[in-house]
Structure formats: structure tokens, C-alpha cells
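Student:
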Ligand code: SAH
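Numbering (the UniProt record's numbering), first residue to last: 1 to 565.
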């Protein structure tokens, strides 16, 4: 498991230089700066909320401020079980590095690394670490600890003076200062075999086992458990599931990998499970249980990234109107895991900043089908691809283009890509929310662009929607290439609505320089609208009334006809 990229959080310009030095040690880490005080890689508005959100997302935190501030901010979360990422406080001038939380997440290792970068001594306070130079309860990646509670007792025994001996290969302990004695009763046992820990044993499992599947199995988790048990291999040593690439779209496999918390890798289907196991994990001992399931046990922890390849993933995401707060958390998580990002340059920039290892493929706004096909080509190679839309990807945006490309394709590799559409706040909804609730009752969403549909159908729909007394939301209301269409659209609407009908114009909503304007159909002219504007036209029941803070509220009541008692 790769360590997660930390977030460096600063409150003012005084810490920026130290933050940049720490960033040299973690080149992918972003500096989060308090908006209005300091320019980082990312701006945040509220320190407490930001820190708590990072913590809850299990992101390691390097906060350049007083330790006390960090403790008070995170205190409400500490009693909850769940993620405990490393959290460190670093003095603004880089003179002190204090690991605060996440002892089992490697906080002391981070403290040592940061301190080395800043050329100071880390403030390590964990007794076991100080004494032994390593945290026994936090073995390196590739190994997992058997039982934490038992481990804590074991470490206190050693601290109390008990000697210890090591059984099995524990190369990371070579440098540790453990009170070793070949006669010791306490043992650190490293091995993949299933065993009951005796009271004097600390069990550490190397993740050195792959279970290889060559055909779909009904109860896969059950079969895996049974096979491991039969082979006397501990589930804790499972590093990954490996499957024939013909099974790439299998839900059973995906769910089994999730249940075991291991990676899922695919190899070319060239025979039974034992054959696949031998070719995908060279040098491993292969225990074949059935034709369709085999266990490969290696001498070392497995480097899963070297085995076959992952199933490709394609996510079509909506950024929302622009402001980071309006982006759904699932989209944020997807942006973090992506290897490739495709989209119109403006939106790709809006979705960033990205890490150096993420590849950006910026294209012109109009090349939608080409972009969709490119996305599948990349994902079919096993990459994790994002196609970016503003607002919601399903509203006059990339989701439909991506599905159209897939529908047209007969390439099985494209159909095996894990495809997901993640929603966003669409411009009509973001604009409506700022104005009040102009879309509070039935409404109709239309694009006024006649690029991909005949103008005659737009006129017909406008006419019928206006006649049906639906509130109207116009996307793509006007552009240089389509100068007269909006005027004609308003004429049609005007045949069914009074000039007093409320109209909301939202321009660059959720972006810098946003404007919101409430006017009426009678006063609306095409000059007030451009391609970055959302036009909302009320129905016959839409009302306007002044707000105490200035301007107006606009809403369309939930009822129609006579107001219910
Ligand atoms: N998928 C997008 C819409 C793309 S069509 C969404 O769901 O929001 C592009 C049109 O959306 C623009 O011409 C404009 O009418 C509207 N639009 C997009 N973002 C906007 C914003 N931030 N403010 C106002 N209108 C916006």
C-alpha cells in the first residue's frame, strides 16, 4: 500500500518558505493556504473545517502552526473510531517537528523525514520507538500486524526488559535496537502460515500471497477462504487477487477484492489457475486447489504493481459550477486517484491543481467524441481516467458522448472498463439556489444551441414548454455563432407569458466575478446575456419579493392553481 500524499496546511505568509522546503520532501503534497492571507497551491476559507475534513478523509496532515491549535481543532474527532492519519505540527520557522497523531500510520517516520529535510531533531515521544528505533506495531508496507492490542502488551513487555528473538525474515528490524536473545521467550514471528498467536508472540504477516482465479466462481470469498485454510495460509498474508482478463467486468471478483481489502489484477487468460499463477508470480510456490483457483506464495512481500495490470477505470465527473465547496466529495476522491485527466482546458484547470504524475490531456471544447474515444483507449490500457465536465456531466456535457462512444464500439476492452458517472451541481441549480427557488415547481431544461439539433425543434419545444407554463432554464443561450436565436426564443416565450414574468440571469455562478441579476421578461434583451450566462424564466406563478440584505428573492410556489389551505 503506497503511503497517502500529505496535505501541508499553513495560516500565513510567514510559513510559506518552510512549507516549500517540506514540499521538496513530498513533491506531490499541496500547500493549503488560508484565503486572503497567503497564496498556497490551494485556498481554504476555514482552518478548522479544512483540517477536520482532511483528517476524516484519512489524509496525512502537516500543519505549520502551534501544536495546541491542531489538537483543539481535531479533538472532537479523536474519540471516533475510524481513520487516524499521521498529523504533525511544524513550527512556522521550521525549528520544530512534532508528531501528534497516527503512531500506527507512520507519523514518526514522517517526523524523521521532515526533520531531516529541515535539519532539526524530530520531537519523538513514543517510548518503543525511542528505545528500539522502530515502531514494532507499524511494520513497513508489505507486512501487516496480527493483533494490535496484543502487540501493545508485547511492546510494554519489551520495554519492561524482556528479551526477544525473531523468527522468519524481518529485514526492516536489522537496524532496530531490540534486546535480542536466541533463548528469549518473547518472539516476533514473521510468516504467512495461519497460526494462533501464543501470548508471548507478536505475529507479523508478509503480504506475500496471491490467489489466482481463472474462471467465475459463485461464492468467491468463500472459495478463497476455504482454499487458504486448506493450504494453511493466513488471510492476512493475502496481497492481491489475480484473475484472467476475461473476468475483468466480474462484479463477484470486484466485491471479493473489496471484502478482503486487496488489489485486483488481471493477466492474459492462458490456461488453468495454476498455469496463470506460475506465469504471473514467477518464483512463487503454487498450491493449486482446483482448476479455477490457485494460491501463489512468494518468499517476499509481493510488489502488486508488477503483477498483470489493473482493470481500467473511466469516470465522467461534474465539477459543479466552479467553487470547490460545491464539488461532491466522490468527485474530489476521483480526482485524487486519476492517472489521466481529459477535458476542455478551462475545466481541467478548474479541476486542478494536479500532481506531477497525473497526465493532463487538454482539448478543444468541440472535440467531444474524439475525447470520449481517447478516454476509452487510455482506460482500456488499465489507466484510471477522468473526463471532466463543468456542472453535471449528464447535462449538455460529456457523459452522453462517452456512452455514445461506448455504444458504437465493439471493442471488448472498452466494454470491460469500469465506467462511472459522478454527478455535479448543474448551472441551473446553482443559479436557482442563489436566486431563491425559481425552479421550485415543474420546470423544463433546454439548450438553445442548434449545433447538434435543428432550430425548428428548439422552437417547437420552446413553444410547447411555454404553453405548458413550465419554468424554463436555458443553457447555451447565445454565442457569437448564434447571435439571433435567443431573441427569437424570447419572442416565442413572450407569446405565452406576461412581460412581468420574473427572469434570473446568473453569470459565472460559483466562479470569480459571478453576477446574479433578477429582471423581467419584458426588460430582458439578448445583450444582457452571453455564453457564460444561465437564463431562468419563471412560470405564471413565479413570485419576487425583496430580501432584507438587498436585492430580491425569486421563487415558484410548490402548489399550482389555488393555494392549499
Ligand atoms: N454541464 C454543464 C452545462 C454545460 S452547457 C452544467 O451542468 O452546468 C454550458 C452552458 O451552461 C453555458 O453556456 C451556460 O449557459 C451554462 N453554465 C455553465 N456554467 C455556468 C456558470 N458557472 N454560471 C452560469 N452559467 C453556466
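Using N, Cα and C, we set each Cβ at its ideal position, and we do this for glycine too. Here the structure is a predicted model, which means the values were calculated and not measured.
#1: In this structure, how does DSSP classify residue 43 when only helix, strand and coil are distinguished?
#2: Does the beta-carbon distance from residue 51 to residue 18 come in below 7 Å?
#3: On the DSSP bridge list, what partners appear for residue 553?
#4: Can you give the Cα-Cα distance for residue 254 and residue 245, rounded to whole angstroms?
#5: For ligand 1, is there any heavy atom lying closer than 6 Å to the beta carbon of residue 211?
#6: Quick one: Cα of residue 1 to Cα of residue 399, how far?
#7: Output needed for residue 112: all residues of its chain with C-beta closer than 6 Å, excluding positions within five of it in sequence on either side, in chain order.
#8: Using the DSSP secondary-structure output, state which residues sit across from residue 267 in a beta bridge.
#9: Reducing DSSP to helix, strand and coil, say where residue 435 ends up.
#10: Taking one C-beta from the stretch 182 to 189 and one from the stretch 212 to 220 each time, how about it: are there three or more such pairs within less than 8 Å?
#11: How far does the beta strand (DSSP E) with residue 420 in it extend, from its first residue to its last?
#12: Using a Cβ-Cβ cutoff of less than 6 Å, which residues in the same chain neighbour residue 290 once the five nearest sequence positions on both sides are dropped?
#13: Mark residue 368 as exposed unless 16 or more other C-beta atoms lie within 10 angstroms of its C-beta, in which case mark it buried.
#14: List the DSSP bridge partners of residue 446.
#15: Cβ of residue 478 within 6 Å of any heavy atom in ligand 1?
#16: Can you tell me the Cα-Cα spacing of residue 374 and residue 229, whole angstroms?
#17: List the DSSP bridge partners of residue 362.
#18: So is the beta-carbon of residue 443 under 6 Å away from any non-hydrogen atom of ligand 1?
#19: Going along the chain, which unbroken runs of the beta strand (DSSP E) with 3 or more residues stay wholly within the stretch 190 to 251?
#20: Sort 14, 317, 437, 276 by Cα distance to residue 554 and report the nearest one.
#21: Taking only runs that begin and end inside the stretch 108 to 161, name each unbroken alpha helix (DSSP H) of 4 or more residues, in chain order.
#22: Can the beta-carbon of residue 293 be found closer than 7 Å to that of residue 213?
#23: Could you tell me whether the stretch 492 to 503 touches the stretch 401 to 419, using the rule of 3 or more Cβ pairs below 8 Å?
#24: So the candidates are 143, 168, 23; which of them puts its Cα closest to the Cα of residue 116?
#25: Using the C-alpha atoms, what's the distance from residue 266 back to residue 282?
#26: Tell me which residue opens and which closes the alpha helix (DSSP H) that residue 412 is part of.
#27: Does DSSP put residue 325 in a helix, a strand or coil?
#28: To the nearest angstrom, how far is the alpha carbon of residue 532 from that of residue 485?
#29: Please determine, among 80, 65, 5, 452, the residue with the shortest C-alpha to C-alpha distance to residue 16.
#30: Give a single yes or no on whether residue 436 has its beta carbon closer than 6 Å to a heavy atom of ligand 1.
#31: Grouping DSSP H, G and I as helix and E and B as strand, with all else coil, what is residue 509?
#32: Which runs of the alpha helix (DSSP H), 4 residues or longer, sit entirely within the stretch 51 to 114?
#33: Any contact between the stretch 507 to 514 and the stretch 535 to 547? By contact I mean 3 or more CB pairs, one from each, below 8 Å.
#34: Kindly list the residues whose CB is nearer than 7 Å to the CB of residue 159, restricted to its own chain and excluding five residues on each side of it in sequence; keep chain order.
#35: What would DSSP say about residue 382, mapped onto helix, strand or coil?
Tutor: This is what the structure gives:
#1: Against the chain shown, residue 43 aligns to sequence position 43. In the three-state scheme derived from DSSP, where H, G and I count as helix and E and B as strand, residue 43 is classed as strand.
#2: Taking the first residue of the chain shown as 1, we reach residue 51 at position 51. Taking the first residue of the chain shown as 1, we reach residue 18 at position 18. Going by C-beta atoms, residue 51 is not nearer than 7 Å to residue 18.
#3: Locating residue 553 in the chain shown gives position 553, where the first residue counts as 1. Answer is 545.
#4: For the purposes of this step, residue 254 is identified with residue 254 of the chain shown, where counting begins at 1. For the purposes of this step, residue 245 is identified with residue 245 of the chain shown, where counting begins at 1. In this structure, the CA atom of residue 254 is about 13 Å from the CA atom of residue 245.
#5: The count along the chain shown starts at 1 and reaches residue 211 at position 211. No; taking the cut-off as 6 Å, the Cβ of residue 211 has no heavy atom of ligand 1 nearer than that.
#6: Looking up residue 1 in the chain shown gives position 1. Looking up residue 399 in the chain shown gives position 399. Because the pLDDT at residue 1 is just 39, under 50, the model does not fix this residue reliably, and the point stays unresolved.
#7: Counted from its first residue, the chain shown places residue 112 at position 112. The residues 122, in chain order, have a CB closer than 6 Å to that of residue 112 in the same chain once the five nearest residues on each side in sequence are set aside.
#8: Position 267 of the chain shown, counting from 1, holds the residue named residue 267. For residue 267, DSSP records a beta bridge to 244.
#9: What you label residue 435 is simply residue 435 of the chain shown in a count that begins at 1. Looking at residue 435 - three-state DSSP - the assignment turns out to be helix.
#10: Contact fails: fewer than three Cβ-Cβ distances are below 8 Å.
#11: Along the chain shown, read from residue 1 onward, the residue named residue 420 stands at position 420. 418 to 422 is the extent of the beta strand (DSSP E) around residue 420.
#12: As a first step, residue 290 is located in the chain shown; it is residue number 290 there, counting from the start. If we look at residue 290 and ignore the five residues flanking it on each side, it has no Cβ neighbours.
#13: Position 368 of the chain shown holds residue 368. By the 10 Å Cβ count, residue 368 comes out buried.
#14: On the chain shown, residue 446 is found 446 positions in, with the first residue counted as 1. In the DSSP output, where bridge partners are listed per residue, residue 446 has 474.
#15: If you number the chain shown from 1, residue 478 lands on position 478. No, the Cβ of residue 478 stays beyond 6 Å of every heavy atom of ligand 1.
#16: For the purposes of this step, residue 374 is taken as the residue at position 374 of the chain shown. For the purposes of this step, residue 229 is taken as the residue at position 229 of the chain shown. CA-CA distance, residue 374 to residue 229, rounds to 44 Å.
#17: Numbered from 1 along the chain shown, position 362 holds the residue referred to as residue 362. Per DSSP, 343.
#18: Your numbering for residue 443 matches position 443 in the chain shown. No, ligand 1 has no heavy atom inside 6 Å of this Cβ.
#19: For secondary structure counted as the beta strand (DSSP E) over 3 or more consecutive residues, the stretch 190 to 251 holds these complete runs in sequence order: 201 to 206, 209 to 213, 238 to 244.
#20: The residue you call residue 554 lines up with position 554 of the chain shown. Comparing Cα-Cα distances from residue 554 to each of 14, 317, 437, 276, the minimum goes to 437.
#21: Counting only runs of 4 or more, we get 127 to 132, 148 to 159.
#22: Position 293 of the chain shown, counted from the first residue, corresponds to residue 293. Position 213 of the chain shown, counted from the first residue, corresponds to residue 213. Yes. Within cutoff.
#23: The stretch 492 to 503 makes no contact with the stretch 401 to 419; the number of CB pairs closer than 8 Å stays below 3.
#24: What you label residue 116 is simply residue 116 of the chain shown in a count that begins at 1. Of the candidates 143, 168, 23, 23 places its Cα closest to the Cα of residue 116.
#25: Looking up residue 282 in the chain shown gives position 282. Looking up residue 266 in the chain shown gives position 266. Whole-angstrom Cα-Cα distance: 15 Å.
#26: If you number the chain shown from 1, residue 412 lands on position 412. Taken as a continuous stretch (DSSP letters only), the alpha helix (DSSP H) holding residue 412 covers 412 to 415.
#27: Position 325 of the chain shown, counted from the start, is the residue given in the question as residue 325. Helix.
#28: Numbered from 1 along the chain shown, position 532 holds the residue referred to as residue 532. Numbered from 1 along the chain shown, position 485 holds the residue referred to as residue 485. A straight line joining the alpha-carbon of residue 532 with that of residue 485 spans about 16 Å.
#29: Working through the chain shown from its first residue, we reach residue 16 at position 16. Checking every option, the nearest Cα to that of residue 16 belongs to 65.
#30: Locating residue 436 in the chain shown gives position 436, where the first residue counts as 1. Outside the cutoff, so no.
#31: As a position in the chain shown, residue 509 is number 509, starting the count at 1. Here residue 509 sits in coil by DSSP.
#32: 67 to 78, all fully within the stretch 51 to 114.
#33: No contact exists between the stretch 507 to 514 and the stretch 535 to 547.
#34: For the purposes of this step, residue 159 is taken as residue 159 along the chain shown, with counting starting at 1. The answer, listed in chain order, is 127, 128, 131.
#35: Within the chain shown, the letter at position 382 stands for residue 382. Of the three classes helix, strand and coil, the one that applies to residue 382 here is coil, per DSSP.
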